[in-house]
Structure formats: structure tokens, C-alpha cells
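Residue numbers (this note's numbering): 73 to 275.
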């Protein structure tokens, strides 16, 4: 049965020339292509509409491809991703890359190889079962004994600091706060054991 819809592709790369060439290539093959300069712009686009596949450069300003791909795998595990870079030679994957395929830019991988890899990933998509979203937001605790911690909102992915509550060492329990940016309700847990260790290290 013939496909009656166009695949949506998101290309994330600060190289305007690569984006233009890839856009022309995949648009000519029937894909709907959008391009983002970095990870933050890509996430904003994904809030509007999720792509069917992502091509992502690794080294970009503001938010790197390494950071973006870790977020994509956690929040959108069903979307296949091809990581690309001209700074890592050979076929070995760079450390820390969370993707379904890695291709070297400007190397032995021709445009035909990229097109074939994209087709293979889409034929097998979704590659993974949906991952249950973590009920609690990530918490970052400074190791220098400062009286604050940093919370990252799972909704808008922005971070803000909060003062350490006076009962932080009295056991782990769920806490709630409203995101300073998007007003979403955030649930989090402060690890009392970690808080005690940080306090002792600062003394």
C-alpha cells in the first residue's frame, strides 16, 4: 500500500550549507523538512510538531547535539535519530552519543548512504517501546555547601534555583513547586543522604 503522507524530518545543525543541501535532498524525496540552528531551537520546534526522524550535528553553540540527543531519547524515545559530525573520524561512535546511527560528515558516507539509513530507521520505527516519564524533575545540588539547589523543569527544560528547605535532611519525600518560567507544577525529591554529605563536606 502506498504511503499517503510525507515524513517530517528535523535537521539540527549550525552549518547553513549542510542544512540547505540536506533540505533540498530530502525535500526532493518527499520529506517535509525543517531546520534548526541548535538544540534550543530544535526543542522549540518539537513543541509545535514532533518529527518522524531527526538528523543532528554534535558540536553546536548553546546546546550541543550530545545534550539534545540525551533529552530526545528520554522524552521522545520513539523518534529515530541519526547523529553526524565532521570532527570525529571513522565509523566509531563518539563517546556519549545517544542515537540510532552515526555517520561522519564529509567522509566516506555519501548522500545515498544517509538516505538509505534514514529509510531503514523509518521502516523499523518505532525502535523502542515508550519509556515511562520520570515522575520527578532532575535536581542539581552544589557540592560546595551552598544553601540552594537547581531544579530543571521537565516541561520547558529550563532551570532555576531554590533555597534549600530547613527540613532537607529529615528524610526523602515528594515536594512540589511551580516552574518560574512556564508555571507548570513540578514534583521533585531532595535526597537527604546527599544533602547531609554536602553539608559535612562544606564544614
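Beta carbons are placed, not taken as given, at the ideal position from N, Cα and C, and that holds for glycine.
Checklist entry - Among 236, 238 and 230, which one has its Cα closest to the Cα of residue 251? => result 230
Item to check | Stretch pair the region 173-188 + the region 107-123: three plus CB contacts closer than 8 angstroms | outcome: no
Next on the checklist: What would DSSP say about residue 177, mapped onto helix, strand or coil?
Outcome noted: coil
Checklist entry - Among 88, 149 and 241, which has the Cα closest to the Cα of residue 265? => result 241
Checklist entry - Can you tell which of 224, 267, 150 and 263 has its C-alpha closest to the C-alpha of residue 255? => result 224
Checklist entry - How long is the line joining the alpha carbons of residue 122 and residue 267, rounded to whole angstroms? => result 38 angstroms
Next on the checklist: Cutting at 8 angstroms between CB atoms, please list the residues of its own chain near residue 99, excluding the five before and the five after it.
Outcome noted: 105
Item to check | Expected contact under 8 angstroms - CB spacing of residue 149 and residue 172 to nearest Å | outcome: Actually they are not in contact, since the Cβ atoms of residue 149 and residue 172 sit about 11 angstroms apart, beyond 8 angstroms.
Item to check | Where the beta strand (DSSP E) containing residue 129 begins and where it ends | outcome: 125-129
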